[in-house]
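A quick write-up on the structure given underneath.
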Amino acid sequence: MIKIYFKRLCVAFLMVNSCAVLAQDVPTPKSHFGFDIGDDYQLANYTQTEAYFKKLAASSDRIKLVDIGKTEEGRSQYMLIVSSPENLKKLDRYKEISQQLAHAEITAEQAKALAQEGKAVVWIDGGLHANEVVGAHQLIETAYEFASRKDPETLRILDNVIILFTHANPDGQELVGNWYMREKDPKKRTTSGLPVLYEKYAGHDNNRDFFMLNLKETQNIGRQLFVEWIPQIMYNHHQAGPAGTVVAGPPYRDPFNYVFDPTLLTSLDAVGAAMHNRMNVENKPGYTQRGGSVYSTWYNGGLRTTTYFHNMIGLLTEIIGNPTPSEIPLVPSRLLPNGDSPNPITPRKWYFKNSIDYSVSLNYAVLNYAQRYRDELLYNIYQMGRNSIERGKKDTWSFSPKKIEAINNAAKGEKGAPIAGGDADFGPRRQISMKAFDTVMKAPANRDPRGYILSADQPDFNSAVKFLNALIRTGIVVQKATASFAVAGKNYPAGSYVVKTDQAFRPHVLDMFEPQDHPNDFKYEGGAPIPPYDAAGWTLAYLMDVKFDRILDDFSGPFEKNPYGALLKFEHKLPSGSAYVLSAAQNDSYTAVNDLLKNKVEVYRSTENGDFYVSSAGKAILEKANIKLKSASAPKNKIKVSAGRIALWDTYGGSMASGWVRFLMEQYHYNATVIYPQDIDAGNLKSKYDVIVFVGGAIPSVQGGGFGNRSFGPKAEEIPQEFRNRLGRITADKSIPELKKFLEAGGNIVTIGSSTNLAYHLNLPVRNAMVEIVNGEEKRLPAEKYYVPGSVLNVGVDTTLPSNWGMEKEADVYFDNSPVFKLTGDAIAAGKIKLLMWFENATPLRSGWAWGQAYLQDGITAFEAKVGKGKLLAFGPEIAFRAQTHGTFKLIFNQLYKSSDL
């Protein structure tokens, strides 16, 4: 008996001792990287970070390492799931609880029970914008802290919270870490002057891809956020804080998006207060919030902001800091305490370690809040989802600035009774009668939709399915009609899709289908507009030219619910016949055509509408293309299609707009060569290319002198030889003459956005339309009179021109204070200019904000001009914007075939 007891005692001792050794054996960052995280002049790359994450997972029973997918460059993207060993054993159960509460398809009693059983789920990421180097490094340090610390606060967090530490951009950290550390002399190290984008296609725009989810990294993240885990809190680390501060964080300035549940906004206040309080308690000054920074909660599409539309508490901090020590500058206006910045910081030297310490403290503040209010967070996400479902099940009228304006207009002329106790400085105020309210907010036509129907017989059904897949990737429920049906007197075929609004993520559904109504945001009446943070309007269904019906009454039908996260597939069968017609209205037709041409199959286009015609020789390729087509005989009037030799402008460091077009070229199977200013200046362009594409930012303004004496980028001797051919800018004296020669020799040039400046360099008969006459001189309209930040506008289209084949007579375009033209002299009569798109009326706004939009009426927003044997195409709107504007992709595609054929 004594021997048995002794053996058990030894076993127990060994178990305790092994646990202690395990905790002691967690490798420190210094033991792995050779430096402490936060040391001056030291950065880690992703190869080193990945290896360290694997060491942490191998040495700690608090960590599970998960590969969430490959990046665009083929690296593994890792998420560290961190919690207590007991919680990690039951991860599947806690994930299921998180999903059930977020989807809110259970009763309140069931939700309360799950809230007691479950663990709060908190997402913390880093590294999304790779040159904001604090993000990836605070992630390393915080992961180590939670793998090794045994203080009561850390243990409470581990017991009550599932933490998802996620690296947001592995490729970018590899690039930036290597770039910074390439210099042997630490004093020469810099994160500036990167030769390429820090995300293969998008660079900084990787944080604008979270409702579209085009990129592999954003798809990986989106699946974890919106389908798998659906955390109650997500925290997105960024840089840099406003000058004179250390960090900008929640809560954020107005406006917030009107589709949100109010609990979301008050939750942001609560978590923000916890973060701000911790900074103050730890004597870490310099936190600013609300009006202290530019960040708001209006926009959808960012890693933080898209979570709001899914009832998650999305947090963003923007902190200062770099491994090269810096200074907090003197900004006198930031020194006086106020409600946004109650604890200002004075000018001082600032070190990387300071930023790491602040970031770890902020992480602890968020996680400590989550563990203290675990059950409340879990139940609240359920209640917000339940509220959304209930709103979608009944007649609901949402408020918006336009509806408030309509109420005021309805009240004009009323003689309301004085408001009791409502005396104002200039006499008693009058009460507006409820009649004005009811006129607007009880009008049946003003109700929110109960759902949307996307008919299977629309012109570009493949693009509609891509739109639905974007919704599905963000956790939206989509239903498919298994048979034909009718709603509101309209018949729909089997295979049509339905998206109802009685679901937990209703805010996101509305935001993707309905127009954004951004308020008129001014600091004072008569002043300049306050720019929105990023875009003002982005309705994806408009930008993708998806045809849908808004259904205002409850409806049902033979609908089959698609499983959460399961992507839809195209279902097209090749019809029998000896020849086929591919509609020019269908984007994927162009992909098929490119594959046919690469396989030397002859392709023709109808000169009436641009539809493609191919014989049965292309049958095998068309079977794989999975597109909608029909069998038909050859059109009477047709032209042969040949693949153009395509060049795409880019610059040293990478243009995001060019990167997105490069992404499109690859997606739709075009072969394009990326060229740089030095390639253009070398001349002889027509011998190499048939068409050159210039995105915004390539062609300088005439007034700017063609970047003449300005310096761009690093010096050649400061960068590796392989990138030196990318240096330089388009100039008026060298580049423009070569482009003119290219046009005159028969080449085509496509210009987008500000690169339509080329028309002015070529002295074409067009002028800026957005001007006024002041004292006899033409001046650009001031923002007080005209201002259109990123929004969706409607334009007229000439569908008879080959450049516009496949388009309809009206189109929705993405417009961001984009160029608008007017013609001079006999431009049209002389055949010098052909109008492609224009504003047909004084109210073209479809979604967003257009202050002074009446100035746009009759303005030309796209044209083509003959220059010698070639053609210049000028598109003012951003027709390829972030690879989201599927409705205008054809305006690029049509230009990418040999000009002699068109």
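Here the sequence shown stands for residues 995 to 1896, numbered as in the working numbering. Cβ atoms here follow ideal geometry from the backbone N, Cα and C, with glycine treated the same way.
Those residues which DSSP pairs with Gly1551 across a bridge:
On the sequence shown, position 557 is the one that residue 1551 refers to. DSSP output for Gly1551 lists no bridge partner at all.
Beta-carbon contacts of Leu1561 that lie in its chain and below 8 Å, excluding the five residues immediately before and after
Working through the sequence shown from its first residue, we reach residue 1561 at position 567. Same-chain partners within the cutoff: Asn1463, Ile1466 and Arg1467.
If we cut at 8 Å on Cβ distances, does Ala1480 have a partner in chain B?
Of the chains in the structure shown, none is chain B; there is only one protein chain.
Relative to the alpha-carbon of Gly1842, which residue among Asp1511, Tyr1446, Glu1276 and Leu1733 has its alpha-carbon at the smallest distance?
Start at 1 with the first residue of the sequence shown, and residue 1842 comes out as number 848. Considering only alpha carbons, the answer is Asp1511.
Check each candidate in Arg1217, Pro1245, Phe1688 and Ala1038 and name the one with the smallest Cα separation from Lys1064.
Residue mapping note: residue 1064 aligns to position 70 of the sequence shown, counting from 1. Closest option to Lys1064, Cα to Cα, is Arg1217.
I need the DSSP call for Trp1344, collapsed to helix, strand or coil.
For this step, residue 1344 is matched to residue 350 along the sequence shown. In this structure, Trp1344 counts as strand in the three-state DSSP scheme.
Simplified DSSP assignment, three categories, for Asp1179:
If you number the sequence shown from 1, residue 1179 lands on position 185. Reduced to three states, the DSSP call for Asp1179 is coil.
Which same chain residues end up closer than 7 Å to Val1459 when comparing Cβ atoms and leaving out the 5 residues on each side of it in sequence?
One-based indexing of the sequence shown puts residue 1459 at position 465. Once the five neighbours on either side are set aside, the close Cβ partners of Val1459 are Leu1562 and Phe1564.
In the structure shown, what three-state DSSP assignment does Ala1710 receive?
Start at 1 with the first residue of the sequence shown, and residue 1710 comes out as number 716. Helix at Ala1710.
For Asp1582, which residues in the same chain have their Cβ closer than 6 Å to its Cβ, ignoring the five residues on either side in sequence?
Against the sequence shown, residue 1582 aligns to sequence position 588. Closer than 6 Å at Cβ, skipping near neighbours: Asn1456 and Ile1621.
Check whether the segment 1123-1141 touches the segment 1352-1368, counting contact only when three or more Cβ pairs, one atom from each stretch, lie closer than 8 Å.
yes
With Pro1244 as the anchor, note down where its beta strand (DSSP E) starts and where it stops.
Translated into positions along the sequence shown, residue 1244 becomes position 250. Element bounds for Pro1244: Val1241 to Phe1250.
Can you check which of these residues, Arg1656, Val1760, Gly1238 and Gln1094, is closest to Asn1374 by C-alpha distance?
In the sequence shown, the residue the question calls residue 1374 occupies position 380. When only C-alpha atoms are compared, the closest one is Gln1094.
Would you call Pro1164 buried or exposed, if buried means 16 or more other Cβ atoms sit within 10 Å of its Cβ?
Here residue 1164 refers to the residue found at position 170 of the sequence shown. So Pro1164 counts as buried.
How many angstroms separate the CA atom of Arg951 from the CA atom of Asp1061?
Absent from the structure is residue 951, since the part of the chain shown begins at 995 and ends at 1896.
DSSP on Phe1027, reduced to helix/strand/coil?
The residue given as residue 1027 occupies position 33 in the sequence shown. Phe1027: helix per DSSP, three-state reduction.
Could you tell me the alpha carbon to alpha carbon distance between Asp1086 and Trp1223, rounded to whole angstroms?
As a position in the sequence shown, residue 1086 is number 92, starting the count at 1. As a position in the sequence shown, residue 1223 is number 229, starting the count at 1. Going from the Cα of Asp1086 to the Cα of Trp1223 covers about 10 Å.
Segment limits, alpha helix (DSSP H) that includes Ala1546:
The count along the sequence shown starts at 1 and reaches residue 1546 at position 552. The sequence given here has Leu at residue 1546, not Ala. Looking at the DSSP string, Leu1546 is not in any alpha helix (DSSP H), and its letter there is neither H nor E.
The beta strand (DSSP E) enclosing Arg1599, as first and last residue numbers:
As a working mapping, residue 1599 is identified with position 605 in the sequence shown. Val1597 to Ser1600 is the extent of the beta strand (DSSP E) around Arg1599.
Return the CA-CA distance between Ala1130 and Phe1254, expressed in angstroms with no decimal places.
Here residue 1130 corresponds to residue number 136 of the sequence shown, with the count starting at 1. Here residue 1254 corresponds to residue number 260 of the sequence shown, with the count starting at 1. Between Ala1130 and Phe1254, the C-alpha separation is close to 30 Å.
What does the alpha-carbon distance come out to for the pair Ser1729 and Asp1675?
Along the sequence shown, one-based indexing puts residue 1729 at 735. Along the sequence shown, one-based indexing puts residue 1675 at 681. When rounded, the distance between both Cα atoms is 5 Å.
Measure the beta-carbon distance from Tyr1229 to Leu1309 and round it to whole angstroms, keeping in mind my assumption that it falls under 8 Å.
Taking the first residue of the sequence shown as 1, we reach residue 1229 at position 235. Taking the first residue of the sequence shown as 1, we reach residue 1309 at position 315. Right, their Cβ atoms sit about 4 Å apart.
Close beta carbons around Tyr1035, own chain, < 7 Å, minus the five adjacent residues each side:
The residue you call residue 1035 lines up with position 41 of the sequence shown. These residues qualify, in order along the chain: Pro1180, Arg1183, Pro1317 and Thr1318.
Roughly how many angstroms lie between the CA atoms of Glu1276 and Gly1266, to the nearest whole one?
Here the question's residue 1276 lines up with position 282 in the sequence shown. Here the question's residue 1266 lines up with position 272 in the sequence shown. C-alpha separation (whole angstroms): 16 Å.
Under 8 Å between C-beta atoms of Gly1980 and Val1190:
A question about residue 1980 goes unanswered here, because the residues of the chain that appear run from 995 up to 1896.
According to DSSP, is Asp1792 helix, strand or coil?
The residue labelled residue 1792 in the question sits at position 798 within the sequence shown. In the structure shown, Asp1792 sits in coil (DSSP, three-state: anything other than H, G, I, E or B).
If you reduce the DSSP assignment to three classes, tell me which class Tyr1527 lands in.
One-based indexing of the sequence shown puts residue 1527 at position 533. It is coil, neither helix nor strand.
Beta-carbon contacts of Lys1892 that lie in its chain and below 7 Å, excluding the five residues immediately before and after
In the sequence shown, the residue the question calls residue 1892 occupies position 898. Answer for Lys1892: Ser1636, Gly1638 and Asp1684, listed in chain order.
Helix, strand or coil at Trp1173 according to DSSP, with G and I counted as helix
Here residue 1173 is taken as the residue at index 179 of the sequence shown, counted from 1. It is helical.
According to DSSP, Phe1869 sits in a beta bridge with which residue or residues?
One-based indexing of the sequence shown puts residue 1869 at position 875. BP columns for Phe1869 point to Ile1746 and Ala1856.
Mapping the DSSP letters down to three states, classify Ala1877 as helix, strand or coil.
As a working mapping, residue 1877 is identified with position 883 in the sequence shown. If DSSP states are grouped into helix, strand and coil, Ala1877 belongs with the helices.
Just list the residues that DSSP pairs Ser1077 with in beta bridges.
By one-based count along the sequence shown, residue 1077 stands at place 83. Answer by DSSP bridge pairing: none, since Ser1077 is not bridged.
Within 10 Å of its beta-carbon, does Thr1882 have 16 or more other beta-carbons around it, so buried, or fewer, so exposed?
To locate residue 1882, count along the sequence shown from 1; it is residue 888. Buried, since its Cβ has 16 or more Cβ neighbours within 10 Å.
Excluding the five sequence neighbours on either side, which residues of its own chain have a C-beta within less than 6 Å of the C-beta of Phe1815, listed in chain order?
Taking the first residue of the sequence shown as 1, we reach residue 1815 at position 821. So the qualifying residues of the chain are Val1760, Ala1763 and Ile1854.
Just to confirm, is the Cβ distance from Pro1783 to Ala1529 under 8 Å?
The count along the sequence shown starts at 1 and reaches residue 1783 at position 789. The count along the sequence shown starts at 1 and reaches residue 1529 at position 535. In contact: Pro1783 and Ala1529 (Cβ atoms closer than 8 Å).
In the DSSP assignment, the alpha helix (DSSP H) including Met1269 goes from what residue to what residue?
In the sequence shown, residue 1269 corresponds to position 275, counting from 1. Taken as a continuous stretch (DSSP letters only), the alpha helix (DSSP H) holding Met1269 covers Pro1256 to Val1275.
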